[in-house]
Amino acid sequence: MNHAKLSISDALTKAWQITLKNFGFTTGLVVILIVLNALEGTLRKDSAIASLLISLIALAVGIGVIKISLLLAKGEKPEYKELYSNFQCFWNYVGTYILYMLLVGVGFIFFILPGIYLLIKYAFVLYVVIDKNVGPFEAFRIAGELTKGHWWDVFGLALISIGILILGVIAAFIGLLWAYPVVLIASAIFYNQLSEHNHSS
4 MNHAKLSISD ALTKAWQITL KNFGFTTGLV VILIVLNALE GTLRKDSAIA
54 SLLISLIALA VGIGVIKISL LLAKGEKPEY KELYSNFQCF WNYVGTYILY
104 MLLVGVGFIF FILPGIYLLI KYAFVLYVVI DKNVGPFEAF RIAGELTKGH
154 WWDVFGLALI SIGILILGVI AAFIGLLWAY PVVLIASAIF YNQLSEHNHS
204 S
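The opening position of the sequence shown corresponds to residue 4 in the working numbering, with each subsequent residue numbered one higher.
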């Protein structure tokens, strides 16, 4: 049985190389996200309607960020318009996001460990929605299959990613210009590795 290679170090190395190659683009992306996050924090204080609107915008931008990371992971050259041009999967994304948060939240209520397990098991469920344009239940099914037998690999990637982001914050936040894109792209590369592995099984 021919299995595609799974490697956290390979995903991180390739993500670093892609970030270097596209540093101008990824820096602009991080700056845009920082500005949007600042606006979100300000507008949320205005009213419930403003808060809801900002939440919907944040979800839409989240779709774009994942789409961009998937394109970069495949060696393609995305544009900033990807941040607002993927509305065809918006409601599937929203439904999946809500279910994911509820599922993990309930898991954490039951002694934390079930929450961590579900968080990792379905870590790529939103990637599946965007990559394959499927509904919530199909996305959960596929995401569960992707991480089956690779829970510890995904957990390891998550821990390393958190460490990279913490180092980025410690480095006077300037480090985030490198850390955030590397983590995003590495996650997308690992998602692709899992998809290839699943297809070859």
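Even for Gly, the Cβ is constructed at its ideal location relative to N, Cα and C. The structure presented is a predicted model; accordingly, all values stated were derived computationally and were not measured.
Q | Residue environment, L170, which counts as buried when at least 16 other CB atoms sit within 10 Å | A | Mapped onto the sequence shown, residue 170 falls at position 167. So L170 ends up on the exposed side.
Q) Which residues bound the alpha helix (DSSP H) around I112? A) Residue 112 sits at position 109 when you count from the first residue of the sequence shown. Segment F93 to I112, the alpha helix (DSSP H) holding I112.
**Q.** contact_flag[the stretch 115 to 129, the stretch 71 to 91] where n(CB pairs < 8 Å) is 3 or more
**A.** Here the stretch 115 to 129 does not lie against the stretch 71 to 91, with fewer than 3 beta-carbon pairs under 8 Å apart.
Q: For A18, name the three-state secondary structure that DSSP assigns.
A: Position 15 of the sequence shown, counted from the start, is the residue given in the question as residue 18. Taken through DSSP and simplified to helix, strand or coil, A18 comes out as helix.
Q: Quick one: give me the first and last residue of the alpha helix (DSSP H) that P139 is part of.
A: On the sequence shown, residue 139 is found 136 positions in, with the first residue counted as 1. For P139, the enclosing alpha helix (DSSP H) begins and ends at P139 to T150.
Q: Determine, using beta carbons only, whether C92 and I71 come nearer to each other than 9 Å.
A: Taking the sequence shown and counting its residues from 1, one reaches residue 92 at position 89. Taking the sequence shown and counting its residues from 1, one reaches residue 71 at position 68. Going by C-beta atoms, C92 is not nearer than 9 Å to I71.
Q | Top-ranked residue by Cα proximity to A146, from I101, G166 and L122 | A | Here residue 146 corresponds to residue number 143 of the sequence shown, with the count starting at 1. That would be L122, whose Cα lies nearest to the Cα of A146.
(Q) Are the CB atoms of S198 and L149 within a distance shorter than 9 Å? (A) What you label residue 149 is simply residue 146 of the sequence shown in a count that begins at 1. What you label residue 198 is simply residue 195 of the sequence shown in a count that begins at 1. Yes, they are a contact pair.
Q. So what does DSSP say about M4, is it helix, strand or coil?
A. Here residue 4 is taken as the residue at index 1 of the sequence shown, counted from 1. At M4 the pLDDT is 37, less than 50, meaning the model places this residue with poor confidence; the figure from the coordinates comes in the next sentence. Of the three classes helix, strand and coil, the one that applies to M4 here is coil, per DSSP.
**Q.** Closest by C-alpha distance to L187, when choosing among I112, Y96, A61 and V68
**A.** The residue you call residue 187 lines up with position 184 of the sequence shown. With distances taken between Cα atoms, L187 lies closest to V68.
Q) Excluding sequence positions up to five away, which residues of its chain have a Cβ less than 8 Å from the Cβ of Y120? A) As a working mapping, residue 120 is identified with position 117 in the sequence shown. Excluding positions up to five away in sequence, the list reads G110 and W154.
Q) Which one of S164, L106, I57 and I133 has the shortest CA to CA distance from T16? A) In the sequence shown, the residue the question calls residue 16 occupies position 13. Among S164, L106, I57 and I133, the Cα nearest to that of T16 belongs to S164.
**Q.** For F176, three-class secondary structure by DSSP
**A.** Translated into the one-based positions of the sequence shown, residue 176 becomes position 173. It is coil, neither helix nor strand.
Q. How close, in whole Å, do the beta carbons of V137 and N95 come, if the pair is a contact with beta carbons under 8 Å?
A. If you number the sequence shown from 1, residue 137 lands on position 134. If you number the sequence shown from 1, residue 95 lands on position 92. Between V137 and N95 the beta-carbon gap is near 7 Å, inside 8 Å, which marks them as a contact.
(Q) Quick check: is the beta carbon of G108 nearer than 9 Å to any beta carbon in chain D? (A) Absent here is chain D; the protein component of the structure consists of one chain.
Q. Short check: CB of V33 to CB of L180, under 9 Å?
A. By one-based count along the sequence shown, residue 33 stands at place 30. By one-based count along the sequence shown, residue 180 stands at place 177. Yes, they are a contact pair.
Q | As assigned by DSSP and simplified to three states, the class of E79 | A | Against the sequence shown, residue 79 aligns to sequence position 76. The answer is coil: DSSP assigns E79 none of H, G, I, E or B.
Q: Could you pull out every residue in the same chain whose Cβ sits closer than 8 Å to the Cβ of N201, ignoring the five residues on either side in sequence?
A: Translated into the one-based positions of the sequence shown, residue 201 becomes position 198. Closer than 8 Å at the Cβ level, and outside the excluded window around N201, lie E148 and L149.
Q) Pick from E141, I115 and L59: whose alpha carbon is nearest that of F90? A) Position 87 of the sequence shown, counted from the first residue, corresponds to residue 90. Cα-wise, what sits closest to F90 is L59.
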